[in-house]
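Residue numbers (UniProt numbering): 1 to 299. Right, one structure below, let's go through it.
Structure (structure tokens):
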């Protein structure tokens, strides 16, 4: 069985688009030409890959499976090109990263700033995703690497620990909880919280634990960053759960009280997820090496 790489790349474009026409456009083909190539691919595989109707296209189960394999194959082809074009150096290339909220908003911007400043030929696509989507993205090849916090089911992936993250509670000076050394999540639920935006990994993580208690999380306002949470807390709007590194940094310029969360899940190991470290291009391995010095503690 022979696969044309151009057909596989076309199939990826169509699989990631709402319609065959848009997928064909991304591949610089006419819809008729794209349709003919997909039909030929279906004939070669002996199975239907797409459901076609007036609303667009939808992948069949076989199409979903081919999309996963096609992404992995094309990723390896791109890696191969990068390796031989630059002889294995880390001076150029493109890196896609799926990461959790803390990574995207807290330490990765600073790490990437230094990394990219030394490598003008490197570009990065950084996306905030939920932990399950990060794992799935690394497995199916839609991202080069993932960054998560906490335990994870990652069968078939390499999990590289690089630092430790601790969640804490922040309250304003004079708050009822301000004199406590430790509090449980349940104790905090009597008060209104300041939360991150919908879709953030930290908010989803907290909601999961609140639901396990059979209770609800009262959100007074949702904001887009840990700094915004701290400003709201300082103003007395509510209380907030956030990484200790962020709480300590903002405590230097704001009137905040930081309290330990007395929960086994409050301490979370940060990890990098990859399919196979040695198979990654030099650019991605160089970024992972840049993150590794953070082992000594939370950034």
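The C-beta atom is built at its ideal place from N, Cα and C for all residues, glycine as well. Here the structure is a predicted model, which is why all the values come from computation and not from measurement.
1) Going by DSSP, which residues form a beta bridge with residue 273?
2) Sort 68, 256, 27 by Cα distance to residue 178 and report the nearest one.
3) Whose C-beta lies closer than 6 Å to the C-beta of residue 68 among residues of the same chain, with five residues either side of it excluded?
4) Helix or strand or just coil, what does DSSP make of residue 182?
5) Going by the CB atoms, is the gap between residue 151 and residue 269 shorter than 9 Å?
6) Taking all protein chains shown into account, decide if residue 284 is buried (16 or more other Cβ within 10 angstroms of its Cβ) or exposed.
7) Helix, strand or coil for residue 208 per DSSP?
8) Would you decide whether residue 41 is buried or exposed? Buried here means 16 or more other CB atoms lie within 10 Å of its CB.
9) With burial defined as no fewer than 16 other Cβ atoms inside 10 Å of the residue's Cβ, what is the status of residue 276: buried or exposed?
10) Specify the secondary structure class of residue 175 as computed by DSSP and reduced to three states.
11) Between residue 170 and residue 242, what straight-line distance do the alpha-carbon atoms span, to the nearest angstrom?
12) With a cut-off of 8 Å, do at least 3 Cβ pairs link the stretch 49 to 57 to the stretch 92 to 100?
Here's the rundown:
1) 146, 159
2) 256
3) 140
4) strand
5) yes
6) buried
7) helix
8) buried
9) exposed
10) coil
11) 8 Å
12) no
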